[in-house]
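Encoded as structure tokens, the structure appears first; notes follow it.
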Amino acid sequence: MVIDMKDKRLKDAHAYVNEVYNIVKERNANEHEFLQAVKEIFYSLIPVFAQNPHYIQNSILERIVEPERLISFRVPWVDDKGKVQVNRGFRVQYNSAIGPYKGGIRFHPSVNASIIKFLGFEQIFKNALTGQAIGGGKGGADFDPKGKSDMEIMRFVQSFMMELSKYIGSDVDVPAGDIGVGAREIGYMFGQYKRLRGNFDAGVFTGKGIGYGGSLGRTEATGFGTVYFVEEMLKDQGLSFDGSTVVVSGSGNVSIYAIQKAQEFGAKVVACSDSNGYIYDKEGICLDTLKHLKEVERCRIDQYVKERPHAEYFEGSEGIWTIPCDIALPCATQNEIDEDSAKILVANRVKAIGEGANMPSTLEAIDVFLENGVLFGPGKAVNAGGVAVSALEMAQNSSRVAWTFEEVDEKLKQIMKDIYKNSVNAAEQYGQSGNLVAGANIAGFTKVADAMITQGVI
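In this text, residue positions in the sequence shown follow the numbering used here: the first is 92, and each later residue adds one.
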């Protein structure tokens with residue numbers, strides 16, 4: 092019996108992925124988010140291993156899935172009542188094959204080793220997609236900044252930095268913000284780092300204030316980049332944001348600026364959310380009201396209906412996906428769209444999904460979208476605009492220059508266009524035409540894997 096070599100290679104590649112994934116499952120049995128991220132990436136790479144067996148011979152999967160370093164530490168701090176509190180801090184320095192570790196810091200009660208590892212693993216490929224010389228990392232703590240005073244947040248951050256400062260630097264590991272970490276928190280981190288190290292190393296953090304080395308356009312970058320990517324995806328199918336109805340989950344930094352850019356592109360954004368619930372404004376979200384509530388008053392989104400009485404507020408953020416829309420932009424958190432929500436979106440004739448958050452769709456939800464021909468932009472490609480502009484901030488810090496907002500925004504647009512084009516081309520090259528999940532994974536993986544091979548077994 093003659094065996095088609097192509098089929099044999101695919102079988103060998105599938106067996107290799109299965110073998111490595113089973114080892115990862117055994118070693119990380121209780122880390123569900125991490126395993127989800129690993130599975131999604133691993134199995135999309137089977138055609139790559141079939142065509143390039145040298146990746147198997149060099150044990151790239153076994154090496155790339157293990158962090159170069161995982162740091163866990165306690166963070167003691169004193170609240171306003173004088174009581175000592177203790178939180179857990181984390182930093183995963185995942186892969187430095189193409190540059191220093193780069194990735195945000197998240198402050199949220201859900202933070203644990205699994206969350207940080209999944210985010211760091213995704214960050215490897217996201218960063219590679221930007222075309223910038225940055226490796227993958229991520230960090231955070233199970234600290235909840237909601238309801239805390241500025242002084243409590245400052246005391247926590249200063250304690251957090253007492254430990255984290257030992258492991259970061261502008262050519263080593265460059266953190267930024269993420270959920271629960273904005274300009275205020277980055278300012279406190281940078282100040283404490285400067286105090287501990289005794290020098291002004293502007294490049295050690297990104298997302299800094301403009302007055303001390305930050306980049307214009309960084310605040311808007313993830314949200315704007317999300318819309319830039321999705322617009323490219325739509326254009327290929329003769330579609331556009333112009334005249335479309337859009338639902339955006341979340342109401343933080345990413346969501347607000349995704350809403351802003353979608354509106355500038357002619358879309359009508361009718362809903363957004365926070366962790367408590369969501370608002371529906373059939374006339375279109377009033378961005379000025381939303382920005383004031385979330386960026387100035389820092390209050391919950393249910394207050395929106397007091398300013399816009401015709402709008403409606405609903406408890407439970409998951410219900411936002413029942414609102415009919417042409418384009419859905421999940422910009423809140425991981426696994427916010429499950430299989431049932433995906434089926435509702437499809438039944439309501441959604442045309443495109445753009446993941447502004449990290450892994451906001453479950454694997455089952457992604458399958459629903461792809462099986463029903465919905466245009467789907469995966470998070471590691473769609474939301475790469477934030478880290479791309481962080482790398483531009485690092486470049487400005489290194490050269491002691493400051494670019495205009497327009498210069499940064501133009502560079503961001505081009506980066507997002509390139510990410511889309513490279514993802515499309517990678518998918519086509521490996522027989523996955525139209526599958527941007529596979530395309531983004533392949534484009535990011537091959538860049539990092541090739542660098543790892545050239546640097547030897549390290």
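Note that beta-carbon positions come from the ideal geometry of N, C-alpha and C, so glycine has one too.
Report yes if the C-beta distance between residue i and residue j is below 8 Å; otherwise report no.
i	j	result
LYS229	VAL478	no
HIS199	ASP170	no
LEU503	GLY316	yes
ALA566	ALA104	No statement about residue 566 is possible, as the shown extent of the chain runs from 92 to 549 and does not include it.
SER340	CYS363	yes
LEU507	PHE320	It should be pointed out that residue 507 corresponds to Met in this sequence rather than to Leu. Yes. Within cutoff.
ASN532	LEU136	yes
ASP365	ARG391	yes
ALA493	VAL345	no
ARG154	ALA232	no
ILE189	VAL459	no
GLY298	GLY271	no
ASN534	LEU287	Note that residue 534 is Ala in the sequence shown here, rather than Asn. No. Outside cutoff.
GLU122	LYS208	yes
TYR551	PHE133	Coverage of the chain is limited to positions 92 through 549, which leaves residue 551 absent and any answer about it impossible.
I'd like the list of long-range same chain contacts for residue i, defined as Cβ closer than 8 Å, with 5 residues on each side in sequence excluded.
i	result
GLY258	Going by the sequence as given, residue 258 is Tyr instead of Gly. ARG160, ILE162, ARG182, GLN184, ASP264.
ASP333	PHE356, GLY357, ALA358
THR495	LEU307
VAL175	PRO167, TRP168, VAL169
GLN283	VAL248, GLN249, MET252, MET253, SER256
VAL528	GLU131, SER135, ILE457, LEU461, PHE467, PRO469
LYS116	LEU126
Can you have a look at residue i and say buried or exposed, based on whether 16 or more other CB atoms are within 10 angstroms of its CB?
i	result
VAL93	Note that VAL93 scores 39 on pLDDT, short of 50, meaning its location in the model is unreliable and no value can be drawn from it.
MET242	exposed
ILE114	exposed
VAL318	buried
SER250	buried
GLY530	buried
SER187	buried
GLN505	exposed
SER481	buried
PRO197	Position check: residue 197 holds Arg in this sequence, whereas Pro was assumed. With 16 or more Cβ atoms within 10 Å of its Cβ, ARG197 is classed as buried.
SER342	buried
GLN148	exposed
ASN516	exposed
ILE206	buried
GLY278	buried
GLU157	exposed
GLY227	buried
GLY109	For the sequence presented, residue 109 should be read as Asn rather than Gly. ASN109 should be labelled exposed.
With respect to the beta strand (DSSP E) encompassing residue i, which residues constitute its N-terminal and C-terminal limits?
i	result
ILE162	160-169
LYS359	359-364
ILE370	368-371
GLU406	403-406
VAL272	Looking at the DSSP string, VAL272 is not in any beta strand (DSSP E), and its letter there is neither H nor E.
GLN176	175-186
GLY375	Neither: GLY375 is in no beta strand (DSSP E) and is coded neither H nor E.
At which residues does the alpha helix (DSSP H) containing residue i begin and terminate?
i	result
ASP333	Where ASP333 is concerned, there is no enclosing alpha helix (DSSP H), given that its DSSP letter is neither H nor E.
ALA456	454-462
ARG154	151-155
GLY476	476-490
ILE435	430-438
GLY550	No answer is possible for residue 550: the residues shown for the chain start at 92 and end at 549.
TYR395	395-398
PHE536	527-545
LEU220	204-220
ARG197	Run containing ARG197: none in the alpha helix (DSSP H); it sits in the beta strand (DSSP E), 192-198.
PHE140	137-142
Cutting at 6 Å between CB atoms, please list the residues of its own chain near residue i, excluding the five before and the five after it.
i	result
GLU406	GLY368
LEU330	none
LYS442	ASP417
ASN488	ALA293, GLY294, GLY304
ILE225	GLY190, LYS193, ASN218, ALA482
GLY238	none
ARG100	ALA141
TYR348	GLU311, GLY314, PHE315
Could you pull out every residue in the same chain whose Cβ sits closer than 7 Å to the Cβ of residue i, ignoring the five residues on either side in sequence?
i	result
ILE301	LEU307
LEU483	SER306, VAL499, LYS502
LEU378	ILE350, GLN351, GLN354
GLY222	ILE506, ASP509
Counting only C-beta atoms, is residue i closer than 8 Å to chain D at any point?
i	result
GLU117	Considering every chain present, this structure includes no chain D. It has just one protein chain.
(Q) With three or more beta-carbon pairs closer than 8 Å as the criterion, would you say the region 381-400 touches the region 279-292? (A) no
Q: Could you tell me whether the region 419-438 touches the region 450-467, using the rule of 3 or more Cβ pairs below 8 Å?
A: yes
(Q) Does the contact criterion of 3 or more C-beta pairs under 8 Å hold for the region 371-387 versus the region 425-445? (A) no
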